[in-house]
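A.B. asks: What follows is a structure written as structure tokens; I'll ask about it next.
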Amino acid sequence: MKKILLALGFVFFASQSFCQLGLVGGYKTFKPDGWNDEFKELLNNEPYPMAGWQVGLDYWFRLKKRRIEFAPELSYSRFQMNFEAGNLEHAAIGFHFNTDFYVFDLAGDCNCPTFSKDGNFFSKGFFVELSPGVTVVSNQVQSTGPIAENTDGTDVAFGGAVGAGLDLGFSDLFTITPIVRLHYYPDFDWDYDLNPANMQTDLKQLFLGLRFRLHFKEFGNARFH
């Protein structure tokens, strides 16, 4: 696991000139198809879809002659629900190679942020996104019934997301971007012996959030000019 995280960290912090950092956060759901049937009797409830939160840090660079931009992102998300019969918890570390296509401005200039651009802010700021990636999920269920039970497991799932966003540049120094993403990971598993035949499933997630991006090159211009 340490080797995987070190490799992801190397890719994430690979050097690019004029790089820019983004902080991403928001609401996220956790919905593994079919798992309600597994936990309905144990927890006397149907916990899914679960609501949670996610925070992440991305690292921006782009093509020189086309508005196709890249923002590889490391993220952490957490989901938890408590019931009279016990509690259920999921926590995940993810790495996704976000690729943003500014479909209405593919031949646009290289200036950033959109505050500095001429033309309609929607055509300059709207993008669709493809995000292949991997997530490492820690799962835990604890029963407080007559026979206490605490069972956990960890699974590595490959998949990704599709999404869209709109850059809102309020100044030359920072940009705020509302983003929506639909995540999908096939063959997701709890990785323990509760009921192996039914635990493998498709994990689906909805993310609604904001990205805050600082433009360090513009900070330098503002300071020295």
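Residues 0 to 224 in numbering that gives the first Met the number 0 are what the sequence shown spells out, letter by letter. Beta carbons are placed, not taken as given, at the ideal position from N, Cα and C, and that holds for glycine.
Taking the beta strand (DSSP E) that residue 32 falls in, what are its first and last residues?
C.D. replies: Note, residue 32: premise wrong, no beta strand (DSSP E); not H, not E.
A.B. asks: Using only the alpha-carbon positions, how far apart do residue 210 and residue 39 sit?
C.D. replies: Residue 210 and residue 39: Cα-Cα distance of roughly 36 Å.
A.B. asks: Figure out for me which residue from 184, 67, 166 and 97 has the closest Cα to the Cα of residue 213.
C.D. replies: When only C-alpha atoms are compared, the closest one is 166.
A.B. asks: Per DSSP, which one or two residues make a beta bridge with residue 136?
C.D. replies: According to DSSP, which records beta bridges pairwise, residue 136 is partnered with 91 and 154.
A.B. asks: Alpha carbon to alpha carbon, how far is residue 127 from residue 84?
C.D. replies: If you take the alpha carbons of residue 127 and residue 84, they lie about 43 Å apart.
A.B. asks: For residue 58, count the other beta carbons within 10 Å of its own beta carbon; 16 or more makes it buried, fewer makes it exposed. Which is it?
C.D. replies: Label assigned to residue 58: buried.
A.B. asks: Is residue 121 helix, strand or coil by DSSP?
C.D. replies: Residue state, collapsed to three classes: helix.
A.B. asks: Based on the DSSP output, what are the partners of residue 99 in its beta bridges?
C.D. replies: For residue 99, which the question treats as bridged, DSSP gives the partners 68 and 128.
A.B. asks: Counting pairs of beta carbons, one from the segment 62 to 72 and one from the segment 35 to 49, are three or more of them closer than 8 Å?
C.D. replies: Contact between the segment 62 to 72 and the segment 35 to 49 is absent, because fewer than three Cβ pairs lie under 8 Å.
A.B. asks: Just the C-alpha distance for residue 153 and residue 169, rounded to the nearest angstrom, thanks.
C.D. replies: Those two C-alpha atoms are separated by around 41 Å.
A.B. asks: Cβ atoms of residue 30 and residue 51: under 7 Å apart, would you say?
C.D. replies: Contact: no.
A.B. asks: Within 10 angstroms of its Cβ, does residue 206 collect 16 or more other Cβ (buried), or is it exposed?
C.D. replies: Per the 10 Å Cβ criterion, buried.
A.B. asks: Could you check which residue in 204, 120, 172 and 121 has the C-alpha nearest to that of residue 20?
C.D. replies: For the residues 204, 120, 172 and 121, the minimum Cα distance to residue 20 belongs to 172.
A.B. asks: In chain order, what residues of the same chain lie with their CB nearer than 7 Å to the CB of residue 124, ignoring the 5 residues before and after it?
C.D. replies: Taken in chain order, the residues that qualify are 113, 165, 166 and 167.
A.B. asks: Report the three-state DSSP secondary structure of residue 165 (helix, strand or coil).
C.D. replies: Note: residue 165 maps to strand in three-state DSSP.
A.B. asks: Which one of 86, 87, 82 and 92 has the shortest CA to CA distance from residue 75?
C.D. replies: Nearest C-alpha to residue 75: 92.
A.B. asks: Can you tell me whether residue 151 is buried or exposed, with buried defined as 16 or more other CB within 10 angstroms of its CB?
C.D. replies: Classification for residue 151: exposed.
A.B. asks: Alpha carbon to alpha carbon, how far is residue 70 from residue 178?
C.D. replies: So the alpha carbons of these two residues sit roughly 13 Å apart.
A.B. asks: Would you identify the three-state DSSP class for residue 105, choosing helix, strand or coil?
C.D. replies: DSSP places residue 105 in coil when its eight states are reduced to three.
A.B. asks: Roughly how many whole angstroms lie between the Cα atoms of residue 183 and residue 35?
C.D. replies: Residue 183 and residue 35: Cα-Cα distance of roughly 18 Å.
A.B. asks: Residues in its own chain within less than 6 Å of residue 201 by CB, not counting five upstream and five downstream?
C.D. replies: 32 and 185, listed in sequence order.
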